[in-house]
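Listed in order, the protein sequences are those of chains A and B. Under my numbering, think of the first position of the first sequence as 1, with each following residue one higher. Under my numbering, think of the first position of the second sequence as 192, with each following residue one higher. Glycine included, C-beta positions come from ideal geometry on N, C-alpha and C. The structure appears below as structure tokens.
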Amino acid sequence: MGQTFAIIFGSIFISNIVLAQFLGICPFLGVSKDLKSAVGMGFSVMFVMILSSSITWLVHEFLLVRFELEYLKTIAFILTIAALVQLLEMFLKKNIPSLYKSMGVYLPLITTNCTILGIALVNIQNGYGFFNTVVNAFANSAGFLLAMVLMAGIRVRLEEAELPESMQGLPIVFFVASSMALAFVGFTGMI
Amino acid sequence: MSLFGELRKGIIAENPLFVQVLGTCPSLAVTTSVENALGMGAAFSAVLICSNLCISLLRKYVPGDIRIPVYIVVIASFVTLVEMIMNAFSPALYSALGIFIPLIVVNCIILGRAEAFAGKNKPLPSIMDGIGMGIGYTFAILLISTIREILGSGSFMGVQLFGANFQPILVMILPAGAFITMGFLFAAFAFLKNRKARVKKSEVI
Numbered sequence: 001m002g003q004t005f006a007i008i009f010g011s012i013f014i015s016n017i018v019l020a021q022f023l024g025i026c027p028f029l030g031v032s033k034d035l036k037s038a039v040g041m042g043f044s045v046m047f048v049m050i051l052s053s054s055i056t057w058l059v060h061e062f063l064l065v066r067f068e069l070e071y072l073k074t075i076a077f078i079l080t081i082a083a084l085v086q087l088l089e090m091f092l093k094k095n096i097p098s099l100y101k102s103m104g105v106y107l108p109l110i111t112t113n114c115t116i117l118g119i120a121l122v123n124i125q126n127g128y129g130f131f132n133t134v135v136n137a138f139a140n141s142a143g144f145l146l147a148m149v150l151m152a153g154i155r156v157r158l159e160e161a162e163l164p165e166s167m168q169g170l171p172i173v174f175f176v177a178s179s180m181a182l183a184f185v186g187f188t189g190m191i
Numbered sequence: 192m193s194l195f196g197e198l199r200k201g202i203i204a205e206n207p208l209f210v211q212v213l214g215t216c217p218s219l220a221v222t223t224s225v226e227n228a229l230g231m232g233a234a235f236s237a238v239l240i241c242s243n244l245c246i247s248l249l250r251k252y253v254p255g256d257i258r259i260p261v262y263i264v265v266i267a268s269f270v271t272l273v274e275m276i277m278n279a280f281s282p283a284l285y286s287a288l289g290i291f292i293p294l295i296v297v298n299c300i301i302l303g304r305a306e307a308f309a310g311k312n313k314p315l316p317s318i319m320d321g322i323g324m325g326i327g328y329t330f331a332i333l334l335i336s337t338i339r340e341i342l343g344s345g346s347f348m349g350v351q352l353f354g355a356n357f358q359p360i361l362v363m364i365l366p367a368g369a370f371i372t373m374g375f376l377f378a379a380f381a382f383l384k385n386r387k388a389r390v391k392k393s394e395v396i
């Protein structure tokens, strides 16, 4: 129980997936222009991450370890994730069109999103069991959602600010991210 | 375009990091020291050049519908190779770069070059394109890591530059320092671009 709580708190705040581990910077910069798409992206990542982390854990445990093929981890995981996202897209399109409508545009982007493969690999690296793998995937994606929502909220206000010409667009987003990262350093040492 | 032109465009005009804004994750994460950045640049360039060559050789045999999975398998194989070689010959660097070595697979620059260039061009131009993009990316992360290492630990390639009394700015090697360095660099590039545009405009008038 203690470890589970440490994983949840640690992954959301202390080593936030975007602001401390530098995974998923591309959607953090690209899809954070307004709140609605940030939330959509955040929940899509959460959904895919929990699903793919559990499946890659099973693949690793029952295929790769069993047949001593651990060195094929990278190839096996990326193929599993790509196939999973493709299947998910087809399944949602056919059976749950309303969810597909809100998630569909983000799904193809998620395959080449380093958060998904990164967390799948971290779970194996840290030697988590199945339960902690799911918990870790949930906590990290919640951290991603939090960072996206914070950034989108700030960016909406930035649009009305008068910025120097050279600061407009990406540079100011990096400065905002920097101050956010600095604020999150404050959580260090809480566990 | 000439072969040399293919090589040169990746370095400045189409620099993968500063112009195309691709591959930002590793460039923020591994730039705490110049050594790490060099290792990452070398691993990245090796994968890019090999995958460009391989994909360019296969371009006539891969059906269009399944080209992306094929590209991913090719890239992932080379990444696994590089990962094993690095683990065998330089374990310190391997553990310093950690998870960002396998994550080269999902680096958008490599898949982007495969899709935009190597899948449509002959092997030799593809290799040149890979070398150019590799140099451009390595140059970009070297720039970031030089700034961060000098300010954050007062050293370059592990050699102390200033005397014992130098107080390093610790925040520069923390995540916040990575973001702020990128911010300043992007702002500087935007400033140069804007100034160039203004000069051009005033010449026209």
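Query, Result
"Limits of the unbroken alpha helix (DSSP H) element including A/P27", "25–30"
"Neighbour flag for A/N140 against chain B, beta carbons, 8 Å", "no"
"Straight-line gap, A/N95 to A/V85 (C-alpha atoms, nearest Å)", "15 Å"
"Closer than 8 Å to chain A by CB, B/I300", "no"
"is_contact[A/F5, chain B] using C-beta, thresh 8 Å", "no"
"For B/S346, the residue or residues it bridges with in DSSP", "B/Q351"
"Segment limits, alpha helix (DSSP H) that includes A/F144", "130–158"
"Residues that B/N385 contacts on chain A, provided the C-beta gap is smaller than 8 Å", "E165, S166"
"Cβ-Cβ distance between A/L99 and A/L107 below 8 Å", "no"
"Any C-beta of chain A under 8 Å from that of B/V297", "yes"
"A/F137 versus B/T222 - alpha carbon distance", "For the record, residue 137 of chain A in the displayed sequence is Ala; it is not Phe. Those two C-alpha atoms are separated by around 26 Å."
"Buried/exposed call for B/S317, threshold 16 Cβ in 10 Å", "buried"
"Proximal residues of chain A, C-beta to C-beta of B/I290 below 8 Å", "G118, L121, V122, Q125"
"Host alpha helix (DSSP H) of B/P260 (start-end)", "258–280"
"Short Cβ contact (8 Å threshold) for B/A367 with A/L182", "yes"
"Cβ pair count under 8 Å reaching 3, the segment 214–228 of chain B against the segment 332–340 of chain B", "yes"
"A/Q3, DSSP secondary structure in three states", "helix"
"Backbone secondary structure at A/A120 - three-state DSSP", "helix"
"8 Å Cβ cutoff, A/P27 in contact with chain B", "no"
"Neighbour flag for B/A237 against chain A, beta carbons, 8 Å", "no"
"Under 9 Å by beta carbon: chain B residues contacting A/Y71", "T271, E274, M275"
"Residues of the segment 91–114 of chain A with Cβ closer than 9 Å to any Cβ of chain B, in chain order", "T111, T112, N113, C114"
"Exposure of B/K387, with buried meaning 16 or more beta-carbon neighbours within 10 Å", "exposed"
"Contact set for B/C245: own chain, Cβ-Cβ below 7 Å, skip 5 residues either direction", "V265"
"Whether B/M277 touches B/I257 by CB criterion (8 Å)", "no"
"Contact list for the segment 236–256 of chain B against chain A, Cβ threshold 9 Å", "none"
"Own chain, CB closer than 7 Å to B/A307, minus 5 neighbours either side, in chain order", "none"
"Between the CA atoms of A/L58 and B/A378 - distance to the nearest angstrom", "45 Å"
"Neighbour list for A/F175 in chain B, Cβ cutoff strictly below 8 Å", "F370, I371, G374"
"Inter-stretch contact at 8 Å, needing at least 3 Cβ pairs: the segment 52–70 of chain A / the segment 172–186 of chain A", "no"
"Three-way DSSP call (helix, strand, coil) for B/S224 in this model", "coil"
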